[in-house]
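Comments concern the structure below.
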Amino acid sequence: MPHWNPLQLHTYIKKVIPEHPSITNVKYTRQGKLLFSTSDPVCVAKLLTLQTVLDAPVSTDVIWENTSSRFLITDIPTKITLKESAEELSRNNDIVITHMRRFVKRNSSQETSPVLVTILGTYLPDSVIFCFINQKIQPFIDRPRQCTKCFNFFHPTRVCEKSQACHLYGTVHIGPCQGPAKCSNCQGPHSATSKTCPMYSKEQQMIELKSRNHLMTGEARRIFSHASNATYATAAKSNAISDDFESTVDQKIESIVQSLLEKVEKQTFAFQEKMEQQSLAFNEKLEQQTLALMKMFEKTVETLLQNDEPG
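Residue numbers (this note's numbering): 1171 to 1481.
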């Protein structure tokens, strides 16, 4: 697609699309395509009818990534056609279906019962009604797609201009593979197609971010990269802060323990001193009471002796 003069393009679009005020952005993609952004369905419909732009023939399509949602229904019998399934789902649920497809067993042409449904809009219901049955749905998140020539995650095989590389070494060679494996994506000791590769894991997380937030791939990649860098910087900073924090905590704990020991020692000494004072007072009182009892006993004995004397 030619890169038109922005002013000429703007004038032309205003002329042929009455709903042009709802267009929020226009830009060229890396593939040289012209991307229009709008939330007005009427404007979308008008743009899709364009067959020429400034006398140049064009074809139009909708990017469904950020305008649609996908989910799985796990139990639709294979005897029911996709057309019948779409009609039944549309009739009983408030959804607009744009695509439906079944999965095929590996190394076979046999279709399976799960159906992948694409609907217009970014809201997913918790369940759908199909033939009077309330079926729970599963949000669909695709697997990372990898170029089968260079094993990069950033482009499909059909646009790759590189020579066929070895998935074990990431290099082009003739003959059988020799030596230890080395991933061309992370330089780790494994094949570039390994599901345990950190790059594969990051790509899976990026796809999940893209799917859950209805983003285009480029936008999701930028957000994920920024978040990963911020997380790394925060983690590095946190480690430095953590060391200082742990040292401060240790000092404070040591100070608190020392203070507690001093308080316990003071309280123990005060308790012992008080016990000694109470013991002295008790002994003194006991001695006084003993003397008083002895005097009373002596008086009693003296009285009895006087009463026993002959008169």
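Here a beta-carbon is modelled for each residue, glycine too, at the ideal position from N, C-alpha and C. Owing to the predicted nature of the structure, the values given are computational and were not obtained by experimental measurement.
Counting the other CB atoms within 10 Å of its CB gives residue 1445 a total below 16, which places it among the exposed residues.
Per DSSP, the beta bridge partners of residue 1241 are 1287, 1309. Contact annotation: the stretch 1236-1249 touches the stretch 1304-1312, with at least three C-beta pairs closer than 8 Å. Straight through space, the alpha carbons of residue 1360 and residue 1264 are spaced by roughly 47 Å. About 12 Å separates the CB atoms of residue 1270 and residue 1298; that is not less than 8 Å, and the two are not in contact.
Between the C-alpha atoms of residue 1193 and residue 1214 there is a straight-line separation of about 9 Å. Rounded to the nearest angstrom, the Cβ distance from residue 1346 to residue 1356 is 24 Å, too far for a contact under 8 Å. Counting along the chain, residue 1265 sits inside no alpha helix (DSSP H), nor does DSSP assign it H or E at all. Assignment of residue 1190 by DSSP, reduced to helix, strand and coil, places it in the helix class. In terms of CA proximity to residue 1398, 1375 leads the group 1464, 1450, 1258, 1375. For residue 1294, there is no enclosing beta strand (DSSP E), as DSSP marks it with neither H nor E. If you look at residue 1379, you'll find it in the alpha helix (DSSP H) that goes 1368-1383. Under DSSP, the beta-bridge partners assigned to residue 1281 are 1274.
In the three-state scheme derived from DSSP, where H, G and I count as helix and E and B as strand, residue 1182 is classed as helix.
Residue 1289 counts as buried, since at least 16 other C-beta atoms from the protein chains shown sit within 10 angstroms of its C-beta.
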